[in-house]
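Novice: Sequential numbering of the first sequence, starting at 3, is according to our numbering.
Beta carbons: idealized from backbone N, C-alpha and C, even for Gly.
Keep in mind it's a predicted model, so treat the numbers as computed, not measured.
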Amino acid sequence: MRTSQLQIATTKESPADAEVISHQLMLRAGMIRRLAAGLYTWMPLGLRVLRKIEAIIREEMNDAGAAELLMPAVQPCELWQESGRWGQFGPELLRFKDRHQRDYCMGPTHEEVITDIARRDLRSYKQLPVNYYQIQTKFRDEVRPRFGVMRSREFIMKDAYSFHASPESLQQTFEDMHQAYTNVFTRMQLTFRSVEADSGAIGGSGSKEFHVLADSGEDAIAYSTDSDYAANLEKAEAVCNDTRAEPTQEMTLVDTPDTKTIQALVENFDLAVEKTIKTLICHASDECDTTLVALLVRGDHQLNEVKANNHPMVQTPLQFATDEEIRAAVGAGPGSLGPVNLPMPVIADHTVAAMSDFGAGANIEDKHYFGINWERDTDTPIIADLRNIEAGDLSPDGKGELQIMRGIEVGHIFQLGTKYSEAMQATVLDENGKACLMSMGCYGIGVTRVAAAAIEQNHDDKGIIWPMPIAPFQVAIVPINMKKSDTLRGQAETLYQELKQAGIDVLFDDRDSRPGVMFADMELIGIPMRIVISDKGLDKGMVEFKGRTDSESVDIARTDVVALVASKVA
RNA sequence: CGGGGCAUAGCGCAGCCUGGUAGCGCACCUGCUUUGGGAGCAGGGGGUCGCAGGUUCGAAUCCUGCUGCCCCGACCA
């Protein structure tokens, strides 16, 4: 392709609201244009990247035995009512009515539609397993779309759904998909990890996320220094091997004016932060007699909201109590809360349960108890894993300690089990002629997010550095002063044709720009290789070759350059 | 949802406090010169100053309402 046809539109400055580097570079390189909040046009240059990502995914999915189909983006409400998600899904689900006043939604995911397909088309266990996939536009009305196409409302996703006669078959396909995803991201030359994950709203058991590693990633990932264990921070199990020490202090009531925070408590009263407790009050589920329930974590630990949300005694979705609710129930406000004499169930993190001689609010305004001990001073709490792991924690598998790094979630594979097949009665006949529910798996890759993640991971001060397999073009031809030299123009054209015939994705910069402009543009848009062709060089039969990350270009014989490029592409 | 901020040319910004009818850089168009790292000179086009009211002789500027966008989020930070 020629730059004159591509309408290259690069800018030196990026819009003020683009925060993350991938968003800035995609805008500056002219890959995407914003239409409205969370809605982006993919310009020709950006679309080429998407198509390359899709092609790799398609090949690996096909190789793994999945069959491509295409479902509608608009879905009728009936299916969602059948699965129960019409009520469960919040405002993220974009709903609207057609001219007959029937309810529809823009599909954020396609479990309902595919399950409907499966129950109609699949009759016998002999047809199983099957794995359907599509690459299609999804819509999720995010509260706060941001970071460009990293968290947009409309995005392209590859979603696959498998159906099985047995859990063993599901497990097998789950593993096949894990391998297929590993192949996909390996082929894209991205640095990634697969990690254990929470199943979230989609439901089911057993799920793994694929994360592209990047410091700017929205997710934190815990991994063991000495084993394969890796998990999303929200899932990573916080273990505590300490046993509770015997009490050595009496419990005392202390006046603590102006001490509403853990930090103030530690500073004003010379208390070790490891001897303090944070008390968080949230709404209780129906399992409790009270409307509120208390969650306890050590003063220096962070509550893990996903873990809290998953606790049976906590109302879903997790909702913290307001100041007024707390005062009404306890008689004291946040900042003076603790487990002693608290009129509600107390759920403590493992670490908290192993503490002794600790300090916490007295549930009396401006007072704390110090030297509290479980059993002696207050009932032993319900114990659960409630906190985020911290770097240096023991690995749950007992091997090594956990470290934290950041990642961008680009893929997620789930074992759904029979959640949807049961709700929607998707059955096949088994060997005995009896109807049995199909087990399901589902497997997603955020195609548009992969493009952004690749940039987050691969860029420098000049711009994007595309990995070769997903680069919009593999090589750029940059002629120097072609305007003045018909010879050079002819030579550049010939080289362009030769590269095309060799099957190379080549971008011919045929603008009459100054060299600096062309160099800067080709680097900004991240073309992995560059050939500079000039009269000066051609007099000696040479052109210049430079890889995007090379510091210097090298002279190479004109007659060898096509072969060189071809070898680098392979 | 709650809190904060912003809205002036395609992009980045100034002007607003102290009202007098809009400006700079990049980009764009024309011409000349230039051509190995985002050229120089000269000329030029483009803005109902987010929308709607109000105050005023006069509003980008002051006041009110609305809309859009961005940031932050309950203990801690």
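Note down, in chain order, each residue of its chain lying with its Cβ closer than 7 Å to the Cβ of Trp88, except the 5 sequence neighbours on either side.
Specialist: Your numbering for residue 88 matches position 86 in the first sequence. Hits under 7 Å: Cys79, Trp82.
Novice: Measure the Cβ-Cβ separation of Leu124 and Val132 and say whether it is below 8 Å.
Specialist: Position 122 of the first sequence holds residue 124. Position 130 of the first sequence holds residue 132. Yes, they are a contact pair.
Novice: Is Gln138 closer than 8 Å to Tyr106 when the C-beta atoms are compared?
Specialist: Translated into the one-based positions of the first sequence, residue 106 becomes position 104. Translated into the one-based positions of the first sequence, residue 138 becomes position 136. Taking 8 Å as the Cβ cut-off, Tyr106 and Gln138 do not qualify as a contacting pair.
Novice: On the premise that Arg513 lies in contact with Thr12, defined as a C-beta separation below 8 Å, what is that separation, rounded to the nearest angstrom?
Specialist: Taking the first residue of the first sequence as position 1, residue 12 is located at position 10. Taking the first residue of the first sequence as position 1, residue 513 is located at position 511. Not a contact, Cβ separation roughly 11 Å.
Novice: Can Gly465 and Ala31 be called in contact, C-beta distance under 8 Å?
Specialist: Translated into positions along the first sequence, residue 465 becomes position 463. Translated into positions along the first sequence, residue 31 becomes position 29. It is a contact, given that the beta carbons lie within the stated cut-off.
Novice: Helix or strand or just coil, what does DSSP make of Tyr231?
Specialist: Walking along the first sequence from the start, residue 231 turns up at place 229. DSSP places Tyr231 in coil when its eight states are reduced to three.
Novice: To the nearest angstrom, how far is the alpha carbon of Ala232 from that of Thr496?
Specialist: Residue numbering aside, residue 232 sits at position 230 when the first sequence is read from its first letter. Residue numbering aside, residue 496 sits at position 494 when the first sequence is read from its first letter. About 52 Å.
Novice: Is the region 214-230 close to the region 245-256, with three or more CB pairs under 8 Å?
Specialist: Judged by Cβ distances under 8 Å, the region 214-230 makes no contact with the region 245-256, as fewer than three pairs qualify.
Novice: Tell me whether Gln83 sits in a helix, a strand or coil according to DSSP, three-state version.
Specialist: As a position in the first sequence, residue 83 is number 81, starting the count at 1. Reduced to three states, the DSSP call for Gln83 is helix.
Novice: If you draw a straight line from the C-alpha of Phe360 to the C-alpha of Ser229, how long is it?
Specialist: Within the first sequence, the letter at position 358 stands for residue 360. Within the first sequence, the letter at position 227 stands for residue 229. Near 34 Å, if we compare the C-alpha coordinates of Ser229 and Phe360.
Novice: Do you know offhand how far Leu320's Cα is from Phe271's?
Specialist: Within the first sequence, residue 320 is the residue found at index 318, counting from 1. Within the first sequence, residue 271 is the residue found at index 269, counting from 1. Straight-line Cα distance between these residues: approximately 33 Å.
Novice: Write down every uninterrupted run of the alpha helix (DSSP H) in the region 469-527 whose length is 4 residues or greater and which is fully enclosed by it, in chain order.
Specialist: Within the region 469-527, the complete alpha helix (DSSP H) runs of at least 4 residues are 488-503, 517-526.
Novice: Does DSSP classify Ala38 as helix, strand or coil?
Specialist: Translated into the one-based positions of the first sequence, residue 38 becomes position 36. It is a strand residue.
Novice: What separation, rounded to the nearest whole angstrom, lies between the Cα atoms of Met426 and His112?
Specialist: Translated into the one-based positions of the first sequence, residue 426 becomes position 424. Translated into the one-based positions of the first sequence, residue 112 becomes position 110. Cα to Cα, Met426 sits roughly 13 Å from His112.
Novice: Is it the case that the region 451-462 contacts the region 432-443, given that we only count it when at least three CB pairs across the two stretches are under 8 Å?
Specialist: At 8 Å Cβ cutoff, the stretches do not touch.
Novice: What ranges does the beta strand (DSSP E) occupy inside the region 320-366, keeping only unbroken runs of at least 3 residues that lie completely in it?
Specialist: Listed in chain order, the complete beta strand (DSSP E) runs (minimum 3 residues) inside the region 320-366 are 348-351, 360-366.
Novice: If you reduce the DSSP assignment to three classes, tell me which class Leu124 lands in.
Specialist: Counting from one through the first sequence, the residue named residue 124 turns up at place 122. In the structure shown, Leu124 sits in coil (DSSP, three-state: anything other than H, G, I, E or B).
Novice: Please list the terminal residues of the continuous alpha helix (DSSP H) segment that includes Met28.
Specialist: One-based indexing of the first sequence puts residue 28 at position 26. Element bounds for Met28: 23-30.
Novice: When the Cα atoms are used, what is the spatial distance from Gly539 to Lys54?
Specialist: Position 537 of the first sequence, counted from the first residue, corresponds to residue 539. Position 52 of the first sequence, counted from the first residue, corresponds to residue 54. Using only the alpha carbons, I get a separation of about 34 Å.
Novice: Where does Gln191 sit, in a helix, a strand or coil, going by DSSP?
Specialist: Start at 1 with the first residue of the first sequence, and residue 191 comes out as number 189. DSSP places Gln191 in coil when its eight states are reduced to three.
Novice: Once DSSP output is grouped into helix, strand and coil, what is the label at Glu576?
Specialist: For the chain, the structure presents residues 3 to 572; residue 576 sits outside this window and is missing.
Novice: Grouping DSSP H, G and I as helix and E and B as strand, with all else coil, what is Asn64?
Specialist: The residue given as residue 64 occupies position 62 in the first sequence. The answer is helix: DSSP assigns Asn64 an H, G or I state.
Novice: Can you tell me which of Gly409, Ile479, Arg97, Lys401 puts its alpha carbon nearest to the alpha carbon of Ala454?
Specialist: Taking the first sequence and counting its residues from 1, one reaches residue 454 at position 452. When only C-alpha atoms are compared, the closest one is Gly409.
Novice: Can you tell which of Ala559, Arg532, Asp537, Lys542 has the C-alpha that lies nearest to the C-alpha of Arg550?
Specialist: Here residue 550 corresponds to residue number 548 of the first sequence, with the count starting at 1. Checked all of Ala559, Arg532, Asp537, Lys542; the closest Cα to Arg550 is Arg532.
Novice: My parser needs the beta strand (DSSP E) runs of 3 or more residues fully inside the region 84-113; what are they?
Specialist: Qualifying beta strand (DSSP E) stretches, in chain order: 97-99, 105-108.
Novice: For the alpha helix (DSSP H) containing Ser6, list its first residue and its last residue.
Specialist: For the purposes of this step, residue 6 is taken as the residue at position 4 of the first sequence. Start and end: 5-8.
Novice: Please report how far the alpha carbon of Pro474 lies from the alpha carbon of Thr324, in whole angstroms.
Specialist: Numbered from its first residue, the first sequence carries residue 474 at position 472. Numbered from its first residue, the first sequence carries residue 324 at position 322. So the alpha carbons of these two residues sit roughly 51 Å apart.
Novice: Unbroken alpha helix (DSSP H) runs of length 4 or more, entirely within the region 236-289: which are they?
Specialist: Within the region 236-289, the complete alpha helix (DSSP H) runs of at least 4 residues are 264-271.
Novice: Buried or exposed: where does Glu211 fall if 16 or more other Cβ atoms within 10 Å of its Cβ makes it buried?
Specialist: Position 209 of the first sequence, counted from the start, is the residue given in the question as residue 211. Classification of Glu211: buried, given that the 10 Å Cβ count is 16 or more.
Novice: Can you tell which of Asp217, Met179, Phe176 has its C-alpha closest to the C-alpha of Thr193?
Specialist: Within the first sequence, the letter at position 191 stands for residue 193. Taking only the C-alpha atoms, the option nearest Thr193 is Asp217.
Novice: So, is Ala565 buried or exposed, given that buried needs 16 or more other C-beta atoms within 10 angstroms?
Specialist: If you number the first sequence from 1, residue 565 lands on position 563. Per the 10 Å Cβ criterion, exposed.
Novice: When the Cα atoms are used, what is the spatial distance from Leu8 to Asp511?
Specialist: Along the first sequence, read from residue 1 onward, the residue named residue 8 stands at position 6. Along the first sequence, read from residue 1 onward, the residue named residue 511 stands at position 509. Their Cα atoms are separated by approximately 10 Å.
Novice: Helix, strand or coil for Ile447? Go by DSSP, reduced to three states.
Specialist: Walking along the first sequence from the start, residue 447 turns up at place 445. Reduced to three states, the DSSP call for Ile447 is strand.
Novice: Helix, strand or coil: which one does DSSP assign to Lys548?
Specialist: The sequence position of residue 548 within the first sequence is 546, counting from 1. It is a strand residue.
Novice: Taking all protein chains shown into account, decide if His370 is buried (16 or more other Cβ within 10 angstroms of its Cβ) or exposed.
Specialist: In the first sequence, residue 370 corresponds to position 368, counting from 1. Classification for His370: buried.
Novice: Go through its chain and collect everything with a Cβ distance to Glu307's Cβ below 7 Å, but skip five positions before and after it.
Specialist: Residue 307 sits at position 305 when you count from the first residue of the first sequence. Correct list, in chain order: Leu320.
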